[in-house]
Every structure is written in structure tokens, then in C-alpha cells.
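Worksheet: one structure, shown below.
Chains as they are written, first to last, in the working numbering: chain F, 1 to 442; chain B, 1 to 348.
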């Protein structure tokens with residue numbers, strides 16, 4: 001005979017030695033004498049470090065002073081953040097004229113505006129938006145940053161970019177609020193949504209031409225003051241170089257990787273040689289070659305500025321690294337996928353674009369983002385060839401007569417800045433991985 | 001940074017190879033014409049270095065070598081702001097000049113025979129005499145460089161400073177052991193923290209380093225100078241007129257100081273001075289400007305806008321607000337009338 005209880009006994013909570021903070025401490029940190037000693041020693045070391053950083057960096061630090069000598073007068077043991085604060089504009093914008101800095105900020109905001117729709121759900125045509133970011137935005141930003149006389153080509157590109165940006169913004173707003181698209185909207189308000197396809201196309205082209213001409217006429221009237229590239233610097237320059245490097249690396253890498261796996265011997269040999277050549281020399285060598293030797297091979301009077309040389313070098317170098325990342329991703333896709341694609345009648349580009357690449361790119365995300373982070377960090381090498389990127393600016397602080405010898409604080413500030421940027425990129429990559437994951441988990 | 005050094009030599013070799021070709025092709029148009037047509041002067045300085053050329057927090061260049069750039073711009077255009085300062089690393093400095101990226105070089109480049117004769121560049125005239133010296137802690141008891149027997153000396157690597165130190169140690173049998181650094185901030189820090197018995201650098205650099213220490217009074221610079229570092233602006237080889245312009249820009253600043261012409265009294269001097277040399281120099285009489293291809297008031301513009309040699313020295317090298325505190329009195333950089341080496345040929 002057993003004792004049967006009609007109601008289920010409620011589960012008891014875990015014993016205190018298991019569930020509580022104290023219990024966790026006991027199990028993980030103080031489980032034996034040796035572990036206890038280790039824990040105490042480690043805690044002591046952490047305490048010393050944190051206290052040192054606290055005392056130097058905050059408690060004794062000087063936040064406002066006219067010069068390093070004044071910092072010393074106030075406190076000899078603390079950090080002199082006043083120098084970094086005094087130089088903030090230079091750290092972020094380099095030698096850019098101070099009254100024109102808004103142009104950089106607006107240029108940056110435009111990029112955010114341009115790319116924001118990519119992250120908004122329900123917006124259609126994201127591929128086109130992405131492509132315009134790569135092909136049109138640089139002209140608009142380039143003009144904002146450098147200014148000066150607009151050539152006819154620049155006028156056309158700037159106008160196209162503005163039309164495109166306005167279109168994207170309206171399109172994204174319509175998509176988000178009305179679950180519609182710009183095309184549908186335009187057709188509806190012109191009343192052409194019921195007419196024939198050819199008619200619709202003509203209406204749209206007409207609207208586009210009208211918008212373009214309007215913007216073109218409008219932009220002819222304004223002009224920015226010219227700012228030569230030699231005045232670009234700081235974090236802004238780092239972003240320009242690494243941004244173009246990142247934008248170019250992925251498409252360049254995909255093309256090179258496909259070339260290397262191609263069955264056409266010439267393309268294969270060329271791609272392989274190119275990749276291996278650039279991959280087997282350090283970036284600093286490529287940079288030196290680009291800025292020192294390259295001009296020697298050019299005909300007389302042919303001059304491209306150092307910034308362009310550097311950007312080309314960074315792009316080519318990183319495309320080669322990216323090519324190998326992409327190739328690794330391609331190898332990981334089973335051959336059956338490719339054969340399957342062929343059997344349903346897809347050609348080479350169809351197979352690659354619709355079947356192989358989407359799968360491959362997804363598995364490559366951690367590596368791709370790793371490369372992007374690498375590009376951002378490698379870009380600081382340009383300070384060695386005399387460009388005043390963020391590292392160049394941080395180092396220049398210690399040479400300014402007022403802040404002579406101040407080098408710990410700027411470099412620490414730079415390290416913190418880079419940590420934030422790189423960590424954000426890394427976090428975003430993890431998020432992207434999780435979002436795109438099609439694995440059957442759980 | 002071995003690779004940087006290797007590349008430096010490759011780049012230099014390249015410079016030697018092209019310099020011949022470049023200078024012959026560039027002779028079609030004189031540098032002065034090119035500069036005037038462009039509308040501004042391209043003047044090359046180095047990576048920021050206190051006293052000579054640094055950036056301030058607003059992004060402007062300042063320093064004694066920058067003043068030479070401004071003076072040449074003032075001479076050519078009558079406006080010292082028609083100037084683009086280019087900052088180049090040491091590795092690229094001569095090739096950038098020889099290849100025509102910059103019109104002139106005004107940076108701490110030591111005038112040597114090899115550079116003058118083999119790199120496709122010409123040095124004009126010395127505007128600062130530097131020399132390598134030592135700094136020690138006052139309480140170390142070291143009073144002379146000869147006391148450094150067996151000492152550990154902090155030195156930057158990959159520079160002539162390191163080679164001079166080795167020569168000095170060998171010549172005097174001192175058995176000095178060098179402690180080398182890539183980064184000068186780290187070198188200074190190591191010295192201050194007691195990692196070396198002494199630190200060696202150009203004396204201008206030592207003075208500037210010392211001023212940046214938390215307790216500058218605990219250190220002293222030894223009297224010996226173990227190397228000759230005459231620093232001079234340089235131009236591309238082959239355009240003598242341009243070289244004359246740069247050379248006489250420096251000369252006019254020295255001559256102005258010698259004759260008591262300053263940026264403050266130059267207007268008065270031009271109209272009222274009885275000194276024929278000053279009158280010729282400032283263009284009040286004669287036609288000394290013609291050979292240079294400059295306007296009559298070229299020298300006036302230099303002095304008015306930039307100042308004479310002494311003013312510039314005081315401002316950036318001396319005890320001025322922006323200065324790095326190198327005493328001029330009794331040094332080689334004093335005027336020849338005061339026992340120094342600063343001497344301008346006559347204006348006639």
C-alpha cells in the first residue's frame with residue numbers, strides 16, 4: 001500500500017549552497033584551499049590595477065588646463081586629459097578648417113540617412129539602395145568634403161545622388177508607414193497606375209528627368225569652399241580610407257575569388273598571381289610602393305595625389321585578403337549545390353548569384369567582419385607615410401609646444417575609441433549571424 | 001621598423017636615379033614661374049617637431065622652419081598665407097623634393113656633402129646650427145661627456161644620432177652602451193624613470209625634451225657638442241634662381257636683425273633710414289630685386305609679415321610663449337657681431 005497524494009508536491013527551490021550568490025562563489029572561487037589562494041591573489045591584483053587606473057585617470061586627473069606645464073602644477077601624479085580635450089577637434093577632423101566642419105558632419109549624416117532604409121523592415125529594393133550607396137553616395141560625400149569648382153561630371157553625379165537620396169528617403173518612409181513603395185505611390189498620384197506598362201514606364205522616366213533637371217538647376221547656384229585633401233585628417237580621414245577600403249574589399253574580393261576558381265586559364269592565373277603577390281607583402285610595403293615608387297613609373301606631369309594612391313593601395317591589398325576569405329566560403333558549399341543549380345538550368349552567374357554566394361556569404365560573416373575590423377585598424381599605418389590620420393593626430397599632440405610630451409593620454413583615448421568601433425562591428429556581426437542563421441537549432 | 005629603413009634606402013636610390021631625368025625635364029619652366037602660376041608655394045616640413053614645425057590644436061602649422069616657408073611665400077607673392085605646408089616623413093623627404101612634389105624643403109635636414117651632391121637637391125644657407133649633446137640628472141655627478149665611461153645612454157634608433165654616439169664612444173674609449181628606442185616619447189620616459197644614465201639627442205631636441213619633463217630642474221645638458229648639424233633649407237638641384245630666392249630670404253632675415261630692422265619698425269626704416277645697406281635691402285633705392293625676379297618690396301614683405309631672424313628665434317626657439325627655451329646668447333646661432341655664426345653676405 002502506498003501513500004498517494006492527490007496534489008503534486010510543489011518543487012522546492014534549490015538548496016542555498018547551489019542557488020545563491022554565496023553558493024556560486026563557494027563552488028567557483030573557493031572550492032579548495034588552492035583555489036581560495038588563487039582567488040585572493042587575483043582579486044588583489046585586480047584591485048591594484050583598478051585603483052591605479054582610478055587614481056591616475058580620474059581622481060588625480062586634470063580636466064581643464066592651458067598647457068601640460070599647468071597640468072603638472074595642478075597634479076604631477078594624474079593624467080592630463082585637458083590636452084586631449086583641447087585637441088578633440090583635431091583628433092576627429094584633422095586640419096579641416098574649423099568653420100567648415102559641419103560639412104563633414106552633414107556628409108556623415110547623409111550616409112546614415114542613405115543606409116538607414118537597409119535596416120528598416122518592410123522596405124523593398126534593398127539591393128538597389130545598397131548599390132547606390134556604393135556608386136552614388138561617394139560623389140555627394142566627396143563634394144561635401146572637398147568642395148571647390150564643380151566640373152560638369154561632378155554636377156551630374158551630385159544631382160543624381162541628391163535625387164537618389166530624396167527618392168530613397170521617401171521610399172523608405174512610404175515602406176515603413178504605408179507598406180507601399182515609391183513606384184506605386186508615384187503611379188497612384190499621377191493616375192497612371194491603371195494604364196499600360198509602357199505608359200507607366202514613360203511616366204516614371206518623365207518624373208525622374210523632371211526631378212533631375214530641377215535638382216541640377218538648383219545645385220548650380222551653390223558652391224562650397226575648396227578644402228584640399230592635405231587638410232583632411234583625424235578620425236575623419238581614417239573613416240574615409242577604411243570606408244572606401246571596406247566598400248571595395250568585398251566586391252573586389254568576390255571577383256578575385258571567382259576568378260581564382262574559374263576554369264578559364266588566363267583569368268585564373270591572373271587572379272592567383274594578383275592575390276598571392278599582394279598577400280605576400282606587408283601593407284606598409286604596399287603603401288610605401290604606392291606613394292614612393294608608383295609615381296616614378298608614371299609619365300611626366302601625371303600626378304595623382306597621395307591620398308588617392310593610398311586608397312588604391314588599401315583597396316587592392318584588402319581585396320586580396322577578402323578574396324581568400326570568400327574562396328574559403330565557396331569551398332565550404334557542397335559541390336551538389338552547384339550541380340543542382342546547373343540541372344535546373346541556371347547558368348554560371350545564376351548559379352553563383354542565386355545559389356552559391358548567398359549560402360557562402362552567410363557562413364563567411366565572421367571572417368568578413370573580422371577583415372573589416374582589420375581594415376579599420378590597419379588604416380592607422382598611413383600615419384607612417386605622413387598622413388595625419390587619427391594616429392598621426394594623436395601623436396602630434398605630444399609635439400605641440402603647449403602639450404609637449406603628452407603621449408599616454410592621447411593614445412589611451414585612441415585605444416578606447418578603436419575599442420568602441422571594433423566592438424560595435426563585432427557585436428553587429430554576431431547579431432547578423434543569428435538573424436541569418438537557418439540552422440535547425442532547438 | 002627595419003622595413004622602414006630598408007624602404008628608405010630603396011626610395012633614396014630611386015631618388016638618385018630619377019633626379020637626373022626630373023631636373024632636366026623640369027628646366028622647361030623655372031620653379032618661380034611654376035609657383036607663381038600655381039598661386040601658392042608648396043613647402044615641405046617634417047613630422048611635428050617642437051620649435052621647428054608643429055601643429056597647434058586648431059590645425060595650423062607653426063615653428064621656425066614654417067616661418068622660412070612663410071617668408072619665401074611673402075617674398076614671392078607679398079602674402080605669407082599663399083602657402084601649402086606639406087608634411088613628409090624623413091624617408092620620403094628628398095625624393096619628394098627631387099620629384100617636384102614640393103618646391104622647397106624647410107625642415108631639420110643636416111647639410112652634408114652626400115646629400116648636397118648625390119640626391120638631386122641643393123642646400124641653400126644654414127638657418128640653424130644644431131649639434132648632438134647629452135643630458136644627465138643633476139644629482140648624477142656627471143659634469144662632462146667624458147665622465148660617461150661605461151654609461152647607459154638612451155638614443156633613438158635608425159638615426160645619425162645613434163651612429164654619432166658610437167663614434168664618440170669609440171674615439172674616446174668610453175665604452176658607452178646605447179639603449180635604443182623607436183619612439184622618442186618612450187625614450188624620454190625611460191630616461192626620466194632612471195632606465196639610462198644619460199640621454200643623447202640634438203641639443204635643440206634635448207632642450208625641448210627637458211622642458212617637457214615634470215621636473216625639468218633636476219636635469220642638465222652637458223657642455224660638449226659631439227656632432228655638427230647645420231640645418232639648412234634645400235631646393236631642387238638645377239634651378240639657381242630659385243635657390244637664390246630661398247638663400248637670400250634667409251639672408252635678409254639675418255641682415256635685418258643685424259641692422260635693427262624689425263617687423264615693428266620696418267615701415268619707418270624704409271622711409272627714414274639713412275643706412276644705404278638697409279635702403280637697398282628694403283627696396284627704397286637700387287634694384288637688387290631684379291636678379292631674383294621678385295618685386296621691389298620682397299624683403300620688406302618678409303620682414304613686415306614674418307619678422308627678422310631674431311624675432312623668429314625668440315618666438316619659436318627662445319623664451320616666447322610658443323618657444324622651446326633654447327638660449328641663443330653665446331651659441332652658434334647668435335649673430336656674428338655677438339660671437340655667433342649667423343652672418344649674411346652684404347646687400348649691394
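We put the beta carbon where it would ideally sit given N, CA and C, even for glycine. Just so we're clear, the structure is a prediction, and the values are computed from it rather than from any experiment.
- For the pair of segments examined, the region 231-243 of chain B was found to touch the region 104-117 of chain B: the number of CB pairs separated by less than 8 Å reaches three.
- The Cβ atoms of residue 226 (chain B) and residue 207 (chain B) lie no closer than 8 Å to each other.
- Taking 8 Å as the threshold, the shortest C-beta distance from residue 50 (chain B) to chain F falls below it.
- Look at residue 404 (chain F) here: in three-state DSSP terms it is coil, with no helix or strand label.
- Around the Cβ of residue 306 (chain F), a 10 Å sphere holds 16 or more other Cβ atoms; the residue is buried.
- Using a CB distance cut-off of 8 Å, residue 58 (chain B) counts as an interface residue toward chain F.
- For the 8 Å CB-CB criterion, residue 200 (chain B) and residue 305 (chain B) do not form a contact.
- Residue environment: residue 214 (chain F) is assigned as exposed (fewer than 16 neighbouring CB atoms within 10 Å of its CB, all protein chains considered).
- Between residue 75 (chain B) and residue 242 (chain B), the C-beta spacing is not below 8 Å.
- In the DSSP assignment, the residues bridged to residue 133 (chain B) are B:201.
- Per DSSP, the unbroken beta strand (DSSP E) holding residue 235 (chain B) starts and ends at 234-236.
- At a beta-carbon threshold of 7 Å, the residues of chain B lying near residue 87 (chain F) are 57, ordered along the chain.
- Restricting attention to F:256, F:128 and F:90, the CA atom closest to the CA of residue 396 (chain F) is found in F:90.
- If you draw a 10 Å sphere on the C-beta of residue 247 (chain B), you find 16 or more other C-beta atoms in it, and that means buried.
- Of all residues in the region 87-115 of chain B, only 87, 88, 89, 92, 95 and 99 come within less than 7 Å of chain F when Cβ atoms are compared, listed by chain position.
- Taking 9 Å as the upper bound on Cβ-Cβ separation, chain B lies near residues 76, 83, 86, 87, 88, 89, 90, 93, 94, 95, 96, 97 and 98 of the region 73-100 of chain F.
- Only those residues of the region 197-210 of chain B whose C-beta falls short of 9 Å from the nearest C-beta of chain F are listed: 208 and 209.
- Taking all protein chains in view, the Cβ of residue 323 (chain F) is crowded by 16 or more other Cβ atoms within 10 Å, so the residue is classified as buried.
- Leaving aside the five residues that flank residue 147 (chain F) on each side, the residues in its chain whose CB is nearer than 6 Å to its CB run, in chain order, 224, 225, 226 and 227.
- Residue 186 (chain F) is positioned such that its CB atom lies no closer than 8 Å to that of residue 165 (chain F).
- The Cβ of residue 121 (chain B) sits no closer than 8 Å to any Cβ of chain F.
- Three or more pairs of CB atoms, one per stretch, sit closer than 8 Å, so the region 36-52 of chain B contacts the region 91-107 of chain B.
- Boundaries of the alpha helix (DSSP H) around residue 306 (chain F): 306-332.
- With a 10 Å radius around the Cβ and a threshold of 16 neighbouring Cβ atoms, residue 273 (chain B) comes out buried.
- By the rule that beta-carbons nearer than 8 Å mark a contact, residue 54 (chain B) touches chain F.
- Rounded to the nearest whole angstrom, the CA to CA distance from residue 3 (chain F) to residue 9 (chain F) is 13 Å.
- Contact annotation, residue 371 (chain F) with residue 321 (chain F): C-beta distance approximately 6 Å; criterion of less than 8 Å satisfied.
- The way I'd put it, the region 280-299 of chain B does touch the region 251-258 of chain B; three or more beta-carbon pairs between them come closer than 8 Å.
- The Cβ-Cβ distance between residue 184 (chain B) and residue 156 (chain B) falls below 8 Å.
- A residue is called buried when at least 16 other Cβ atoms come within 10 angstroms of its Cβ; residue 352 (chain F) meets this threshold and is buried.
- Linking residue 138 (chain F) to residue 314 (chain B) through their CA atoms gives a straight-line distance of about 47 Å.
- Contact annotation: in the region 312-328 of chain B, residues whose CB is within less than 9 Å of a CB in chain F are 316, 321, 322, 323 and 324.
- Counting C-beta atoms within 10 angstroms of its own C-beta, residue 276 (chain F) has fewer than 16 neighbours from the protein chains shown and is therefore classed as exposed.
- Any Cβ of chain B closer than 8 Å to the Cβ of residue 295 (chain F) would place that residue at the interface, and such an atom is present.
- Think of a sphere of 7 Å around the beta carbon of residue 169 (chain F): no beta carbon from chain B falls inside it, the nearest being about 33 Å out.
- Following the DSSP letters along the chain, one finds residue 185 (chain F) inside the alpha helix (DSSP H) bounded by residues 182-190.
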